[in-house]
Amino acid sequence: MSEIEPGVILAFILVSVFLISLLSDVLSGKKDGPFESYYRSGQLKEKGTYRDGELEGLCEEYYKNGQLSEKVIYKDGEPHGPFEAYSKNGQLYGRGTYNMGEECGEWFEDGETLTFPPCPPDLEDGN
């Protein structure tokens with residue numbers, strides 16, 4: 005009988021844990037935990053985290069060339085906190101702040117300043 009390499013056992017355990025986790029997500033109907041999606045080329049398209057089926061925390065989207073497209077903080081499934089948008093060559097061209105899905109404070113987009121209702125004090129410094 006041949007010996008099984010420790011790496012093979014570890015790989016089997018990791019795949020098993022992943023499949024069990026995936027199955028529990030499917031059965032519960034709610035996404036939970038970190039996620040990543042990819043373009044057909046294999047390039048990262050987006051990444052973030054779900055909690056109880058809602059986006060939570062930092063989420064990032066990427067262009068097909070691998071450059072960051074935008075990043076935004078989510079709370080309870082709504083954009084809540086700083087937002088940044090980038091061009092395909094990586095230059096920042098827009099930024100602002102969300103308050104539970106609504107723009108607030110000053111936003112900067114393509115060299116222009118847009119003013120929305122003031123942000124709550126806890127978001128004024130971009131938190």
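Per this note's numbering, residue 5 is the first one in the sequence shown, and the count goes up by one each step. Even glycine gets a Cβ: it sits at the ideal position worked out from N, Cα and C. In this text the structure is predicted, and so the values were computed from the model without any measurement.
Extent of the continuous beta strand (DSSP E) to which residue i belongs
i	result
R55	48 to 55
F39	37 to 42
E60	Segment: none, E60 is in no beta strand (DSSP E) and carries neither H nor E.
P125	Counting along the chain, P125 falls outside any beta strand (DSSP E), and DSSP gives it neither H nor E.
K79	72 to 79
G100	96 to 103
Neighbour-count burial assignment, residue i, 16 or more Cβ in a 10 Å radius
i	result
G85	buried
G189	Residue numbering for the chain in the displayed model covers 5 to 131; residue 189 lies beyond these limits and cannot be assessed.
N69	exposed
L96	exposed
Y42	exposed
Beta-carbon spacing of residue i, residue j below 8 Å
i	j	result
L48	E60	no
E65	E74	yes
P122	Y102	no
D56	K34	yes
Residues near residue i by beta carbon distance below 8 Å, same chain, minus five either side
i	result
F112	G98, R99, G100, L118
Y45	One detail in the question is off: residue 45 reads as Ser in this sequence, not Tyr. Excluding residues within five positions, the ones whose Cβ falls inside 8 Å are K68.
Sequence-distant residues of its chain with Cβ nearer than 6 Å to residue i (five each side left out)
i	result
G81	E58, L59
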